[in-house]
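Protein chains in written order, with this note's numbering: chain A, 2 to 200; chain B, 2 to 200.
2 protein chains.
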Amino acid sequence: MTTETGILPGTQAKRQQILEGAIATFLQHGYEGTGMNQVADASGVTKQTIYSHFGDKEGLFTAIIEELTEFHAQELPCPISPNDSPGQVLRSLGQRFLRRQKDPRYLALLRVMIGESERFPELARLFSRKVIARAMEAFQTYFKQHPELGIEDPDLTARVFVGSLVNFIVQQELLYYKEIAPFEMERLVDYLIKLILKQ
Amino acid sequence: MTTETGILPGTQAKRQQILEGAIATFLQHGYEGTGMNQVADASGVTKQTIYSHFGDKEGLFTAIIEELTEFHAQELPCPISPNDSPGQVLRSLGQRFLRRQKDPRYLALLRVMIGESERFPELARLFSRKVIARAMEAFQTYFKQHPELGIEDPDLTARVFVGSLVNFIVQQELLYYKEIAPFEMERLVDYLIKLILKQ
DNA sequence: GTCTATAAGCCGATAGAC
DNA sequence: GTCTATCGGCTTATAGAC
Chain A
2 MTTETGILPG
12 TQAKRQQILE
22 GAIATFLQHG
32 YEGTGMNQVA
42 DASGVTKQTI
52 YSHFGDKEGL
62 FTAIIEELTE
72 FHAQELPCPI
82 SPNDSPGQVL
92 RSLGQRFLRR
102 QKDPRYLALL
112 RVMIGESERF
122 PELARLFSRK
132 VIARAMEAFQ
142 TYFKQHPELG
152 IEDPDLTARV
162 FVGSLVNFIV
172 QQELLYYKEI
182 APFEMERLVD
192 YLIKLILKQ
Chain B
2 MTTETGILPG
12 TQAKRQQILE
22 GAIATFLQHG
32 YEGTGMNQVA
42 DASGVTKQTI
52 YSHFGDKEGL
62 FTAIIEELTE
72 FHAQELPCPI
82 SPNDSPGQVL
92 RSLGQRFLRR
102 QKDPRYLALL
112 RVMIGESERF
122 PELARLFSRK
132 VIARAMEAFQ
142 TYFKQHPELG
152 IEDPDLTARV
162 FVGSLVNFIV
172 QQELLYYKEI
182 APFEMERLVD
192 YLIKLILKQ
């Protein structure tokens, strides 16, 4: 309505500013462990500004989880060279997947989603639909599009492949199992490929 | 010191009573979501009684996690009939393991351990040592003691077997993935056995 | 829309009677 | 050891000025 860009010029920027502060705070301390004062400090705005944008604490938490869920639902970029062997492609896919899972921002989101899954079941379902299901489908689709791999049950195989990798990350990174039984992720990926292709 | 049983007759009973109330409350609401008044109500004692037994909130939480960790560190009873085939034994082991993981009390503990793993890293390490490592070792030991299964790398195989099952439980039960992609655990167990034995 | 100031209630933890 | 009563402090959320 003015000479500015369009609708509510500074408002959207401030909204994003709040979201970033809220993401940092909620991902570190969880829902109950986070205070609105903390979020206000981390965002550089006052509490009232947050309340006028997001209504209440639950509204803010829901907003940041929806934002993060959308962000981490992005597909794995997979530049497949046609002259690579099936094993090489799978290896590249698996390691790319593991590397993304090891991103501290994703690990923190995963921890909070599991930790708050009883308090916010709908958000957990959203995470399952957007993040888990898409990762699973990416591998299922790849298996189906490449019958030369000789995989009989792409759905089950994706469950085992993705499941082993996800659990590896949860145990090693979130539960500090890497300090008790250290393990290189490459060995796990290579072994999984061997199991899956040798049938 | 009296005519009673031995040391502090009613005291140990009250301590156990507090622990039970605290377990129910902390497992449902997490650490920050639980108030000492809630624990007092759930236990049927007053707050001061809790403080005189456990010092502070952290002391109480630590005590219940140590208790639960010890409880869930128990080995899987595995009555192996010598005339069962390797596949049948593995299947029985896997299903017994999955059934135990699906126990709501274990699921709640797993959720809290992951959710609070940054706030209480030492408790997460305890859980890893007592619960995760022992489950993993049980399968490793079985694989090593039965070379007729033809498993080359028992450690890696246990990681894949246990990892797939644990991740299945986490996704299906804690993140409601069973509502999005329902799946019978028997199919997963059977497929894993097929993968592992067919090499 | 954004600020300062504040309300009303719950938090963990404690003091003192018995 | 167990109770009643209470203390600061921090919580979510709001009222009113600008």
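From the three backbone atoms N, C-alpha and C, an ideal C-beta is built for every residue, glycine too. Since we're looking at a predicted model, the values are computed, not measured.
Inset, instruction - Out of B:Q173, B:E33, B:M37, state which residue places its alpha-carbon closest to the alpha-carbon of S53 of chain B. - result: B:M37
Inset, instruction - Give the C-beta separation of V163 of chain A and F128 of chain A to the nearest angstrom, bearing in mind that I take them to be a contact with Cβ-Cβ under 8 Å. - result: At roughly 15 Å, the Cβ-Cβ gap does not stay under 8 Å, so V163 of chain A and F128 of chain A are not in contact.
Inset, instruction - Let me know the secondary structure DSSP gives D156 of chain B once reduced to three states. - result: helix
Legend entry - Within-9 Å CB hit, N168 of chain A to chain B: yes
Legend entry - Neighbourhood of Q39 of chain B by C-beta distance below 6 Å, restricted to the same chain and skipping five residues each side: T26
Legend entry - Residues from the segment 113-129 of chain A in contact with chain B, defined by Cβ distance under 8 Å: When C-beta distances to chain B are compared with 8 Å, the residues of the segment 113-129 of chain A below that value are V113, M114, I115, G116, E117, S118, E119, R120, P122, A125, R126, F128, S129, in chain order.
Legend entry - Straight-line gap, I197 of chain A to K131 of chain A (C-alpha atoms, nearest Å): 26 Å
Legend entry - Segment contact, 8 Å Cβ cut-off, at least three pairs: the segment 13-27 of chain A with the segment 41-52 of chain A: yes
Legend entry - Contact list for D154 of chain B against chain A, beta-carbon separation under 8 Å: Around D154 of chain B, the beta-carbon contacts reaching into chain A at under 8 Å are Y192.
Inset, instruction - In the DSSP assignment, find the unbroken alpha helix (DSSP H) run with T70 of chain A in it and report its ends. - result: 58-73
Legend entry - E138 of chain B - containing alpha helix (DSSP H), residue span: 134-146
Inset, instruction - Taking 9 Å as the cut-off, decide whether the C-beta atoms of M137 of chain B and A182 of chain A are in contact. - result: yes
Inset, instruction - Quick one: give me the first and last residue of the alpha helix (DSSP H) that L124 of chain B is part of. - result: For L124 of chain B, the enclosing alpha helix (DSSP H) begins and ends at 122-128.
Legend entry - At least 3 beta-carbon pairs within less than 8 Å: the segment 164-171 of chain B vs the segment 101-111 of chain B: Flag = yes, the segment 164-171 of chain B and the segment 101-111 of chain B touch.
Inset, instruction - Give a yes or no on whether 9 Å exceeds the smallest Cβ distance from A197 of chain B to chain A. - result: Correcting the residue type first, residue 197 of chain B is Ile in the shown sequence and not Ala. With 9 Å as the cut-off, I197 of chain B counts as an interface residue toward chain A.
Inset, instruction - Determine contact between the segment 145-164 of chain B and the segment 80-100 of chain B, defined as no fewer than three beta-carbon pairs at a distance below 8 Å. - result: yes
Inset, instruction - Measure the Cβ-Cβ separation of G34 of chain B and E33 of chain A and say whether it is below 9 Å. - result: Result yes, Cβ atoms of G34 of chain B and E33 of chain A sit closer than 9 Å.
Inset, instruction - Can you have a look at R112 of chain B and say buried or exposed, based on whether 16 or more other CB atoms are within 10 angstroms of its CB? - result: buried
Inset, instruction - Could you check what DSSP says for G36 of chain B in three-state terms: helix, strand or coil? - result: coil
Legend entry - Limits of the unbroken alpha helix (DSSP H) element including K48 of chain B: 48-55
Inset, instruction - Keeping to the same chain, check which residues put their C-beta closer than 8 Å to that of L189 of chain B; ignore five residues upstream and five downstream. - result: Apart from the 5 residues on each side of it in sequence, L189 of chain B sits with its Cβ closer than 8 Å to the Cβ of S165, L166, F169 in its chain, given in chain order.
Inset, instruction - For F184 of chain A, I'd like the list of residues in its chain whose CB is within less than 6 Å of its CB, leaving aside the five on either flank, ordered along the chain. - result: none
Inset, instruction - Could you say which of A:L175, A:F121, A:A125 lies nearest to L108 of chain A if we only look at CA atoms? - result: A:L175
Inset, instruction - Answer with yes or no whether the minimum CB distance from R97 of chain B to chain A is below 9 Å. - result: no
Inset, instruction - For the alpha helix (DSSP H) holding S93 of chain A, just list the boundary residues, first then last. - result: 87-102
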